[in-house]
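J.: Sequential numbering from 42 applies to the sequence shown in my numbering. Where a beta carbon is used, it is the ideal one built from N, C-alpha and C, also for glycine. For clarity, every value in this text was computed on a predicted model and none was experimentally measured. Quick one: this structure, given as structure tokens, is what I'll be asking you about.
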Amino acid sequence: MSGHGDAQPMTARKSAPLKGVAQVPGDKSISHRALILGAMAVGETRITGLLEGQDVLDTAKAMRAFGAEVTQHAPGEWSVHGVGVGGFREPDNVIDCGNSGTGVRLIMGCMATTAMTATFTGDASLRKRPMGRVTDPLSLFGARAYGRAGGRLPMTIVGAADPVPVRYVVPVPSAQVKSAVLLAGLNAPGQTVVIEREATRDHSERMLAGFGATLSVERTSEGNVITLTGQPELRPQAVAVPRDPSSAAFPVCAALIVEGSDILVPGVSQNPTRNGLFTTLVEMGADIVFENPREEGGEPVADLRVRFSGSLKGIEVPPERAPSMIDEYPILSVVAANATGTTVMRGVKELRVKESDRIDAMARGLEACGVRIEEDEDTLIVHGMGAGGVPGGATAATHLDHRIAMSFLICGMAAKAPVSVDDASPIVTSFPIFEGLMTRLGATLEHG
């Protein structure tokens, strides 16, 4: 598990043109939710395209611990025999969510309105992340949380024996918080209402409706008002997980900055609450064609044809776009370093409390590679050096963060001198086939 073993240094060298088809894994956000809602349905849910990264595997183990039968039949093909809303049993052991903030926060939500006690932990990175943003609203249902100072793991949640529905305004844009409250609301009587001032990824709403929950979304002057009727009997589903846009970001961005590249990335989710990166790249002048748009598993998808784009221009990214691309700012900053002009990313303070402080991690690593950076609590500014202009020649600290590790390895594929990361092992949490996929496209990655 990431963070539990020895560090695995890795180096990326200037790459030959990337060519071929990049079959990226299934969407991590949807994979988590499919397992959780499958466990809360009555009957068998079949899932295809499930991401088999460590984060999702840890969620599968957690659902087994709560009494669901979770089985892998073939690569990406899984079934979940659910126990129904309110049917979870108390787990015998501590629930270890590894590196996954999404996993632990959603699982806390789905058990918080059942009369049971569960203790959660994770790796060194996850134990640093704040949980109060989830446990505060869960306490409104009647749940109690006991954790380390600052609301950090390990943490014990005592579920509400007599939960009450809540009306909750999400204070910061967070799909994890929104989803945890909605999952808790499933086992509360009456209507639970979540209000988000800024739209965030809507996979939970789409999937809850697909599983048979009564849910409405109204756009008002307050923002999105999401109303969920509690205590439904969720119906098992066949869930086809689309390919993860956050994983697709890495081969896409690599192809844009490695001279001569031309790749196809098929079946990538184009959910409008997740595609901010692709919108931004096109605004910067990226050569991306969205082919064969269609719908799979209730989500819009398309095949992405991506070619080297040597005349990328720095832009100011609208801060209101941040919720739709919050996980993609690290790799965007690498593209920005290979663009001409300045790229300004504001409204990104959420990056400070991800698997690492991603603003600091990218700023320090890019500076070590010879790129001029400005930052404050809520802003990252990258002064681009043009195509192939990044000097490189540095080792970046990943801080047990998979997206930091992959971003700097992509950086090394276009830099003048090799770029190393101190630990590539966290990559397995979200993109276990990253190394093989990139080397098959033509990248040079070396261990040690």
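Buried or exposed: which applies to S43, given that a residue is buried once 16 or more other Cβ atoms fall within 10 Å of its Cβ?
T.: Within the sequence shown, residue 43 is the residue found at index 2, counting from 1. Residue placement at S43 cannot be trusted, given a pLDDT of 39 that sits under 50; what the coordinates show is reported in the next sentence. Counting Cβ neighbours within 10 Å, S43 comes out buried, since at least 16 surround it.
J.: Quick one: what does DSSP say S262 is sitting in, helix, strand or coil?
T.: Position 221 of the sequence shown, counted from the first residue, corresponds to residue 262. Correct three-state label for S262: coil.
J.: Buried or exposed: which applies to D47, given that a residue is buried once 16 or more other Cβ atoms fall within 10 Å of its Cβ?
T.: For the purposes of this step, residue 47 is taken as the residue at position 6 of the sequence shown. Around the Cβ of D47, a 10 Å sphere holds fewer than 16 other Cβ atoms; the residue is exposed.
J.: Specify, as a first and last residue, the run of the beta strand (DSSP E) that Q232 falls within.
T.: The residue you call residue 232 lines up with position 191 of the sequence shown. Where Q232 is concerned, the enclosing beta strand (DSSP E) stretches over 232-237.
J.: Determine which residues share a DSSP beta bridge with D328 and list them.
T.: Within the sequence shown, the letter at position 287 stands for residue 328. Paired residues: R348.
J.: Would you say V394 and P171 are within 8 Å of each other, going by their C-beta atoms?
T.: Within the sequence shown, the letter at position 353 stands for residue 394. Within the sequence shown, the letter at position 130 stands for residue 171. Yes, they are a contact pair.
J.: What residues in its chain sit with their C-beta under 6 Å from that of V124, if we drop five residues either side in the sequence?
T.: Taking the first residue of the sequence shown as 1, we reach residue 124 at position 83. So the list reads G108, A109, once near-sequence residues are dropped.
J.: What's the gap between the Cα of D463 and the Cα of Q49?
T.: Looking up residue 463 in the sequence shown gives position 422. Looking up residue 49 in the sequence shown gives position 8. Using only the alpha carbons, I get a separation of about 7 Å.
J.: Taking contact to mean 3 or more Cβ pairs, one atom from each stretch, closer than 8 Å, check whether the stretch 161-178 and the stretch 368-388 are in contact.
T.: The stretch 368-388 and the stretch 161-178 do not touch, with fewer than three beta-carbon pairs separated by less than 8 Å.
J.: Of all the beta strand (DSSP E) runs that stay within the bounds of the stretch 195-258, which reach a length of 3 or more residues?
T.: 208-211, 232-237
J.: Return helix, strand or coil for F472, following the three-state DSSP convention.
T.: The residue labelled residue 472 in the question sits at position 431 within the sequence shown. F472 falls in the coil class under three-state DSSP.
J.: Short check: CB of R348 to CB of S302, under 8 Å?
T.: On the sequence shown, residue 348 is found 307 positions in, with the first residue counted as 1. On the sequence shown, residue 302 is found 261 positions in, with the first residue counted as 1. Yes; because the gap between Cβ atoms is below 8 Å, this pair is in contact.
J.: Could you have a look at M51 and say whether DSSP puts it in helix, strand or coil?
T.: Position 10 of the sequence shown, counted from the start, is the residue given in the question as residue 51. Strand.
J.: Using 10 angstroms around the beta-carbon of E487, count the other beta-carbons present and answer buried if the total reaches 16, otherwise exposed.
T.: Taking the first residue of the sequence shown as position 1, residue 487 is located at position 446. The residue in question, E487, is exposed, as its Cβ has fewer than 16 Cβ neighbours within 10 Å.
J.: Output the distance between the C-alpha atoms of H73 and T143, rounded to the nearest integer angstrom.
T.: What you label residue 73 is simply residue 32 of the sequence shown in a count that begins at 1. What you label residue 143 is simply residue 102 of the sequence shown in a count that begins at 1. Going by the C-alpha atoms only, they are around 8 Å apart.
J.: Just grab the DSSP bridge partners of I267 for me.
T.: Position 226 of the sequence shown, counting from 1, holds the residue named residue 267. In the DSSP output, where bridge partners are listed per residue, I267 has V235, V258.
J.: Roughly how many whole angstroms lie between the Cα atoms of E239 and E361?
T.: Residue numbering aside, residue 239 sits at position 198 when the sequence shown is read from its first letter. Residue numbering aside, residue 361 sits at position 320 when the sequence shown is read from its first letter. Distance between the alpha carbons of E239 and E361 is about 8 Å.
J.: Please list the terminal residues of the continuous beta strand (DSSP E) segment that includes R387.
T.: Translated into positions along the sequence shown, residue 387 becomes position 346. From DSSP, the beta strand (DSSP E) with R387 extends over 383-387.
J.: Excluding the 5 residues preceding and the 5 following A458 in the sequence, name in chain order all residues of the same chain whose CB lies nearer than 7 Å to its CB.
T.: For the purposes of this step, residue 458 is taken as residue 417 along the sequence shown, with counting starting at 1. Taken in chain order, the residues that qualify are P432, G433, G434.
J.: Looking at C-alpha atoms only, which residue of L227, E237, E263 is the closest neighbour of L249?
T.: Taking the first residue of the sequence shown as 1, we reach residue 249 at position 208. Minimum Cα-Cα distance from L249 among the listed residues L227, E237, E263 corresponds to L227.
J.: In the DSSP output, which residue or residues are listed as bridge partners for L275?
T.: As a working note, residue 275 is residue 234 in the sequence shown. In DSSP, L275 forms a bridge with A82.
J.: With 16 as the cutoff for other CB atoms within 10 Å, does N140 come out buried or exposed?
T.: By 1-based counting over the sequence shown, the position of residue 140 is 99. So N140 counts as buried.
J.: I need the straight-line Cα distance from T197 to A225, nearest angstrom please.
T.: In the sequence shown, counting from the first residue as 1, residue 197 sits at position 156. In the sequence shown, counting from the first residue as 1, residue 225 sits at position 184. If you take the alpha carbons of T197 and A225, they lie about 16 Å apart.
J.: Could you tell me whether any non-hydrogen atom of the ligand COA is closer than 7 Å to the CB of F319?
T.: Ligands in the displayed structure: none, and consequently the ligand COA is not present.
J.: In this structure, does DSSP put H440 in helix, strand or coil?
T.: Against the sequence shown, residue 440 aligns to sequence position 399. Reduced to three states, the DSSP call for H440 is coil.
J.: Pop quiz: G271 and E237 are said to be a contact at Cβ under 8 Å. What is the actual Cβ separation, rounded to whole angstroms?
T.: The residue labelled residue 271 in the question sits at position 230 within the sequence shown. The residue labelled residue 237 in the question sits at position 196 within the sequence shown. Incorrect: roughly 19 Å between the Cβ atoms, too far for contact.
J.: If you follow the beta strand (DSSP E) that E408 is in, where does it begin and where does it stop?
T.: The count along the sequence shown starts at 1 and reaches residue 408 at position 367. Element bounds for E408: not the beta strand (DSSP E) but the alpha helix (DSSP H), 399-409.
J.: Taking the alpha carbon of L418 as the reference point, which residue from T381, A438, E300, L392 has its own alpha carbon closest?
T.: Against the sequence shown, residue 418 aligns to sequence position 377. First, the amino acid is wrong: residue 418 is Glu here, not Leu. If we check each option's Cα against that of E418, L392 comes out closest.
J.: So, at 6 Å on beta carbons, what are the nonlocal neighbours of G79 in its own chain, with the 5 sequence-adjacent residues on each side left out?
T.: Against the sequence shown, residue 79 aligns to sequence position 38. Closer than 6 Å at the Cβ level, and outside the excluded window around G79, lie T86, V121, G123.
J.: Using 8 Å as the cut-off, can you tell me whether the stretch 276-296 makes contact with the stretch 333-342, which would need three or more C-beta pairs spanning the two stretches below that distance?
T.: Between the stretch 276-296 and the stretch 333-342 there are three or more inter-stretch CB-CB distances shorter than 8 Å, so the stretches are counted as touching.
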